[in-house]
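As structure tokens, the structure follows; a few thoughts come after it.
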Amino acid sequence: MKLIELIKKIEVWSEWVNAYKEYVPKFIVEASTKENWEDWDSEVFFEFFEKSNNQCVSSLKQGYFTKEEQSKIKNNWAELGPLLKIIADNQDNPQWETYEQVKSVIRRFTAQDRRAATYRVIAGLQPNNLSTIVKDDSLKELFYYIHNNIEEELPEYQNNWFKDSHSINSFYKEHNPSINFMDLISYPWQTFEYFKNPNSISENSTTNDSSSIMKQYIDLLHHKKQIILQGPPGTGKTRLAQLIAEEITKDNSHIKDETKSDPFLSDSYIREQIKNVKQIPSSSGRKSYGISNVQSDRCTVTLDSGSTYDIPYAGIKRAYNEKLWLGGQKNGFDSYDAAIAKYLFENKNIEQPIVAKKKIVDYYKIIQFHPSYTYEDFVRGITVENNEAGKIEYKTENRILADYASKALKNYNDFYKDETTFSNEVFLEEYFSLFVDKINEEIENNEGFYRLTKSVGLINTDEDAFRYKSPAAGWNQRGDRMLFKDIKQAFLDGNIERQDLKRNENLSGLAKQHASYFVRVLNLFQQFINDENLTFNDHEIQKDPLNNYVLIIDEINRANLSSVLGELIYALEYRGKAVDSMYGIKGDRQITLPPNLFIIGTMNTADRSVGQIDYAIRRRFAFVDILPEILIEADLNANRKEEEPRLFFKEDIFLKVKNLFIDENGKNSEYLSDEFEAKDVQLGHSYFIYTENNFNYNLDYEIKPILREYVTDGLLKISALPIIENL
Numbered sequence: 001m002k003l004i005e006l007i008k009k010i011e012v013w014s015e016w017v018n019a020y021k022e023y024v025p026k027f028i029v030e031a032s033t034k035e036n037w038e039d040w041d042s043e044v045f046f047e048f049f050e051k052s053n054n055q056c057v058s059s060l061k062q063g064y065f066t067k068e069e070q071s072k073i074k075n076n077w078a079e080l081g082p083l084l085k086i087i088a089d090n091q092d093n094p095q096w097e098t099y100e101q102v103k104s105v106i107r108r109f110t111a112q113d114r115r116a117a118t119y120r121v122i123a124g125l126q127p128n129n130l131s132t133i134v135k136d137d138s139l140k141e142l143f144y145y146i147h148n149n150i151e152e153e154l155p156e157y158q159n160n161w162f163k164d165s166h167s168i169n170s171f172y173k174e175h176n177p178s179i180n181f182m183d184l185i186s187y188p189w190q191t192f193e194y195f196k197n198p199n200s201i202s203e204n205s206t207t208n209d210s211s212s213i214m215k216q217y218i219d220l221l222h223h224k225k226q227i228i229l230q231g232p233p234g235t236g237k238t239r240l241a242q243l244i245a246e247e248i249t250k251d252n253s254h255i256k257d258e259t260k261s262d263p264f265l266s267d268s269y270i271r272e273q274i275k276n277v278k279q280i281p282s283s284s285g286r287k288s289y290g291i292s293n294v295q296s297d298r299c300t301v302t303l304d305s306g307s308t309y310d311i312p313y314a315g316i317k318r319a320y321n322e323k324l325w326l327g328g329q330k331n332g333f334d335s336y337d338a339a340i341a342k343y344l345f346e347n348k349n350i351e352q353p354i355v356a357k358k359k360i361v362d363y364y365k366i367i368q369f370h371p372s373y374t375y376e377d378f379v380r381g382i383t384v385e386n387n388e389a390g391k392i393e394y395k396t397e398n399r400i401l402a403d404y405a406s407k408a409l410k411n412y413n414d415f416y417k418d419e420t421t422f423s424n425e426v427f428l429e430e431y432f433s434l435f436v437d438k439i440n441e442e443i444e445n446n447e448g449f450y451r452l453t454k455s456v457g458l459i460n461t462d463e464d465a466f467r468y469k470s471p472a473a474g475w476n477q478r479g480d481r482m483l484f485k486d487i488k489q490a491f492l493d494g495n496i497e498r499q500d501l502k503r504n505e506n507l508s509g510l511a512k513q514h515a516s517y518f519v520r521v522l523n524l525f526q527q528f529i530n531d532e533n534l535t536f537n538d539h540e541i542q543k544d545p546l547n548n549y550v551l552i553i554d555e556i557n558r559a560n561l562s563s564v565l566g567e568l569i570y571a572l573e574y575r576g577k578a579v580d581s582m583y584g585i586k587g588d589r590q591i592t593l594p595p596n597l598f599i600i601g602t603m604n605t606a607d608r609s610v611g612q613i614d615y616a617i618r619r620r621f622a623f624v625d626i627l628p629e630i631l632i633e634a635d636l637n638a639n640r641k642e643e644e645p646r647l648f649f650k651e652d653i654f655l656k657v658k659n660l661f662i663d664e665n666g667k668n669s670e671y672l673s674d675e676f677e678a679k680d681v682q683l684g685h686s687y688f689i690y691t692e693n694n695f696n697y698n699l700d701y702e703i704k705p706i707l708r709e710y711v712t713d714g715l716l717k718i719s720a721l722p723i724i725e726n727l
């Protein structure tokens, strides 16, 4: 076939070509006339350097410079800019030496050798000399296809992108002299696509198909909340589920940081930090103040003149939060408050309490079902433990789904709270933690019995409750549990007296029944807040954004879903509405699946050892067919690191195996049992991916054995055996 004959078969990707013709001339002008990147037209510079996906020269997605790398390159543009000008000013002749210099400069500012990104920068400035195929692997494959399918002679591949790219560019211009070279830019890639995947030569199939399909999956998941990816073995269902999960969670706050970078300033903390300090510098550092008479809520500042002033800690807290030592002092005591606040800021105690800790958050999990999987494994179950007295104790625990749902629900509820309410709750958690520490000290100081009434006292604390009892007969030896959440809820609801608790519908039954004891602990907490001068309105704490959570269930049909899900079958459809579990935790049986929790299941349609999903569950999921397909090797290697082996796809064997299931008309083949559909049992494409020289392992130890098993199980007829053995 002549090249011109092939080009006539190709429908030009006009959207790409038009974008190329619009921007590339602008790239050349800007690079030729602007010394600094800041002087470029911002839109043109974004298209030239900062845009990764769907860019007019080549779409690189993950293979492009990171934001950090872009920043480093821009900071050193003084080295790069003059080289780009040389390239832009010489449109007719390749600048081999300058190309290598650009490559060398950029490499110094990247964590890894991002060759394709570098080649794209250069190719965008010399359309007359370089092609738009910027990945080495793809360019090498294009040479192979042309050498084996096109009559005209193309120079041999040199394994030098600049030389090889120039050869391709010249080849297309030489054999299409009547076409403007700017109109030829899509043909090399479309030629590559034509031979690699004959069915994908339509408009924009290069990079937009995969992103468009992914968008469909994301939209479907947002709409339905739970989907099942179904298909025969080896079609990459689990991997696709992970990619969908990564895509839907990519905008989440992956570093959860509710941490206040400054110390949590209680009166006791301030007192501890300055009680042994004799003198501190003023906020300007030009003079100093004496510190004395450090009390529970204030201290005394002494000036060089001998004058003394009482400084309440409340003013120090305000100065600290507003960083008054940096400016903004207005009132008479502001300078003293600011000086002490600055001292505290510069001498932070690493042991200080803080509101929350910074941690990495995972927003999707993968689990795998099996035939013996139960509700108690997946939702809630009972564990058996030995308590402190050595006796067996039964405890209800959230399992994977309930635990993950509770995290998603908290994020969902917090997001829709107003800033003040959210901040108050965060402060309350921290204040209550300090209060628990104080109660533990009191229990220890009172020999294990901190008296609440004449006969009842606190004896110890659990993770979520105080333990209280009376020495009198009839009490549980380990004491009853006074849940922290009851005390905190009563505090938020403004309860003060015993009758307030008895009438509070937000509290547990035990809190109402034993209101006499609960109210005493509530009053102790209220007194603690007052004694420490703790406030809830110093400043607001920033909330996390609304995050998406994804649970991937591999082999979802291998378990009895009706049994495993139980009452949550209802919750799948009615998101945000609580359902009662058969097990309660801390007196609460309710479980809620919030709208920001998504479930992706995978299902092997060839597995006849498991039952089908019943209709009640089926209608609550959307089902997506993931079928075998021919893979493009350039895509397989798109994100390959240099030290990783190159991946190949055995297309000829894939097609031979495909013919065992599907005939040339797209119908079930003569070798496939009438009881099966090809789309449910055909071997998937992952069986045919291999690294250099090792496909025989795939063939002998994976492909042939499963095909023989298909014959044994009656999926394929006996007549298929000779074909299988001759693969």
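Residue numbers in the sequence shown follow the UniProt record's numbering, run continuously in steps of one, and reach 727 at the last position.
All C-beta atoms, glycine included, are put in the ideal place defined by N, C-alpha and C.
For clarity, every value in this text was computed on a predicted model and none was experimentally measured.
Could you give the distance in angstroms between the alpha-carbon of residue i and the alpha-carbon of residue j?
i	j	result
Y394	T383	6 Å
L524	A473	27 Å
W584	A405	For the sequence presented, residue 584 should be read as Gly rather than Trp. If you take the alpha carbons of G584 and A405, they lie about 15 Å apart.
I255	K26	Bear in mind that the predicted position of I255 carries a pLDDT of just 44, short of 50, making it unreliable; the figure below should be weighed with that in mind. One C-alpha to the other measures close to 39 Å.
E419	D544	11 Å
A311	A402	The sequence shown places Ile at residue 311, rather than the Ala named in the question. If I take the Cα positions, the gap works out to 50 Å.
L647	I367	28 Å
D257	G684	Legend: pLDDT at D257 = 41, less than 50; position of this residue unreliable, value from coordinates given subsequently. Taking the straight line joining both Cα atoms gives about 43 Å.
T605	D500	59 Å
A356	Q542	Since pLDDT at A356 reaches only 38, below the 50 mark, its modelled position is unreliable, and no value is offered.
F65	Q95	23 Å
I653	Y687	10 Å
E567	D41	59 Å
F171	Y99	20 Å
H223	R399	26 Å
R591	R520	Sequence inspection shows Ile at residue 591; the Arg mentioned does not correspond to that position. Approximately 31 Å, taken between the alpha carbons.
K74	F432	49 Å
Have a look at the options and flag the residue whose alpha-carbon is nearest the alpha-carbon of residue i.
i	options	result
I122	Y687, A31, F649, N639	A31
F661	L716, I706, F623, D267	L716
K317	L303, Y336, T302, S307	Y336
R620	L627, R575, R239, E43	R575
L303	L434, V57, L507, R286	R286
W77	E38, R114, Y194	E38
I632	Y194, Q70, E664	Y194
F369	L565, R640, G124, T235	L565
I724	D713, K704, P645	K704
V105	I213, N93, E573, E69	E69
S508	H223, E497, E151, L483	L483
K488	N93, L522, E152, Y23	L522
E644	R481, K650, L636	L636
S266	K67, L434, N176	L434
P177	R503, L3, S581, Y468	L3
V134	R558, A638, D607	A638
P188	N159, D219, E141	E141
State the beta-bridge partners of residue i as determined by DSSP.
i	result
F623	I228
N604	G231
G236	For G236, which the question treats as bridged, DSSP gives no partner whatsoever.
I585	D588
Y394	V384
D580	Q590
Any chance the CB of residue i is under 7 Å from a heavy atom of the ligand HEM?
i	result
F688	The ligand HEM is not part of the structure shown, which contains no ligands of any sort.
Consider the Cβ of residue i: report whether some Cβ of chain D lies at a distance smaller than 8 Å.
i	result
K278	You won't find chain D in this structure, because it holds only one protein chain.
In chain order, each alpha helix (DSSP H) run of at least 4 residues that lies wholly inside the stretch 637 to 675:
Segments of the alpha helix (DSSP H) lying fully in the stretch 637 to 675: 651 to 658.
Examine the Cβ distances between the stretch 684 to 702 and the stretch 663 to 676 and report whether three or more of them are shorter than 8 Å.
Flag = no, the stretch 684 to 702 and the stretch 663 to 676 do not touch.
Where are the alpha helix (DSSP H) runs, 4 residues long or more, that stay fully inside the stretch 304 to 345, in chain order?
Entirely contained in the stretch 304 to 345, the alpha helix (DSSP H) runs reaching 4 residues are, in chain order, 313 to 322.
Enumerate, from N- to C-terminal direction, the unbroken alpha helix (DSSP H) stretches of 4 or more residues contained entirely within the stretch 533 to 566.
You should have 561 to 565.
Which ranges does the beta strand (DSSP E) cover as unbroken runs of at least 3 residues, wholly within the stretch 440 to 519, from first to last along the chain?
As summarised for the stretch 440 to 519, the continuous beta strand (DSSP E) elements at least 3 residues long and confined to that stretch are 457 to 461, 465 to 469, 480 to 483, given in chain order.
Taking one C-beta from the stretch 118 to 136 and one from the stretch 157 to 174 each time, how about it: are there three or more such pairs within less than 8 Å?
Yes, the stretch 118 to 136 touches the stretch 157 to 174.
Taking 8 Å as the cut-off, does the stretch 675 to 694 touch the stretch 620 to 629 (at least 3 CB pairs, one atom from each stretch)?
A contact exists between the stretch 620 to 629 and the stretch 675 to 694.
Can we say the stretch 230 to 246 touches the stretch 545 to 555, given the rule of at least three CB pairs closer than 8 Å?
Yes, the stretch 230 to 246 touches the stretch 545 to 555.
How about the stretch 708 to 722 and the stretch 671 to 678: do they share at least three Cβ pairs that are nearer than 8 Å?
A contact exists between the stretch 708 to 722 and the stretch 671 to 678.
Which whole runs of the alpha helix (DSSP H) in the stretch 37 to 84 are 4 residues long or more, in chain order?
Inside the stretch 37 to 84, DSSP marks whole alpha helix (DSSP H) runs of 4 or more residues at positions 42 to 45, 67 to 75, from first to last along the chain.
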